[in-house]
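Asker: Right, I'll just put the structure down here and ask away after.
Numbering (UniProt numbering), first residue to last: 1 to 241.
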């Protein structure tokens, strides 16, 4: 081992972490007590920076594939690089097995694949507000790329936000709340921490960062289990730079 672990993350205007996927990796690093530093990479610099590390593009068949190059990426102590929060989680568990992420438990894949159902209904309330968090170059990039994805400017998507979206959010939120209650919480496996907790809490933390028009508070109010898991995970949210 020759150097410190480096996490490549997307910065907010305040120079702190905000984005869902990098937070997943950051929470693991914090939970396992791994010494690391953050290097911030703006949205338009992700692809050229990660290509310069020799990283291949993300497999289009990978779970949750969104684009070829995305945050997070990581440099391990042995100078090897990796990208994408899911394979990074497996590598970190192999390299630093204690405390465990319980990666063999099916709850991890279940929550990983459920995030889209949780986020989907409130996209018009949340995603357009991301630009207010970003530095100018990243905000421009975010606006341009998301307009292509949604087929309309984010300003138009934001105008479409309404109460029906919150109604649609209730069922998937309750489903996750029921999963948390299955083992009597606060975590998905009861008193035992798993990566599933970090996946879900990273979503909550992103909403807290966005938190325009009470987004975070309203989402947390969807189920009484949400504040409990969020509070239980607070120690691993403290290091955000």
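The C-beta atom is built at its ideal place from N, Cα and C for all residues, glycine as well.
For clarity, every value in this text was computed on a predicted model and none was experimentally measured.
#1: Please tell me whether residue 111 and residue 200 are closer than 8 Å, where the distance is taken between their beta carbons.
#2: Decide yes or no for the touch test of the region 14-27 against the region 50-60: beta carbon pairs closer than 8 Å, at least 3 of them.
#3: What does the alpha-carbon distance come out to for the pair residue 28 and residue 22?
#4: Based on Cα-Cα distance, which residue from 209, 121, 87 and 9 lies nearest to residue 164?
#5: Could you tell me whether the Cβ atoms of residue 77 and residue 4 are closer together than 8 Å?
#6: Answer with buried or exposed for residue 178, where buried requires no fewer than 16 other C-beta atoms within 10 angstroms of its C-beta.
#7: The alpha helix (DSSP H) spanning residue 25 covers which residue range?
#8: So, with DSSP's three-state summary, where would you put residue 1?
#9: Which partner residues of residue 9 appear in the DSSP bridge assignment?
#10: Would you mind listing the alpha helix (DSSP H) stretches within the region 97-178 that are 4+ residues and don't spill past its ends, in chain order?
#11: Going by the beta-carbon positions, is the gap between residue 118 and residue 176 smaller than 8 Å?
Answerer: Put simply:
#1: Residue mapping note: residue 111 aligns to position 111 of the chain shown, counting from 1. Residue mapping note: residue 200 aligns to position 200 of the chain shown, counting from 1. Closer than 8 Å, so yes.
#2: no
#3: In the chain shown, the residue the question calls residue 28 occupies position 28. In the chain shown, the residue the question calls residue 22 occupies position 22. About 10 Å.
#4: Position 164 of the chain shown, counting from 1, holds the residue named residue 164. The shortest C-alpha separation from residue 164 is found at 121.
#5: To locate residue 77, count along the chain shown from 1; it is residue 77. To locate residue 4, count along the chain shown from 1; it is residue 4. Yes, these two residues count as a Cβ contact at 8 Å.
#6: One-based indexing of the chain shown puts residue 178 at position 178. Residue 178 comes out exposed.
#7: In the chain shown, the residue the question calls residue 25 occupies position 25. Per DSSP, residue 25 belongs to the alpha helix (DSSP H) from 20-32.
#8: Taking the chain shown and counting its residues from 1, one reaches residue 1 at position 1. Interpretation of residue 1 is limited by its pLDDT of 47, a score under 50 that renders its predicted location unreliable; no figure is taken from the coordinates.
#9: Position 9 of the chain shown, counted from the start, is the residue given in the question as residue 9. Note: residue 9 sits in a beta bridge opposite 40.
#10: 107-119, 123-126, 136-150 and 154-159
#11: The count along the chain shown starts at 1 and reaches residue 118 at position 118. The count along the chain shown starts at 1 and reaches residue 176 at position 176. Contact: yes.
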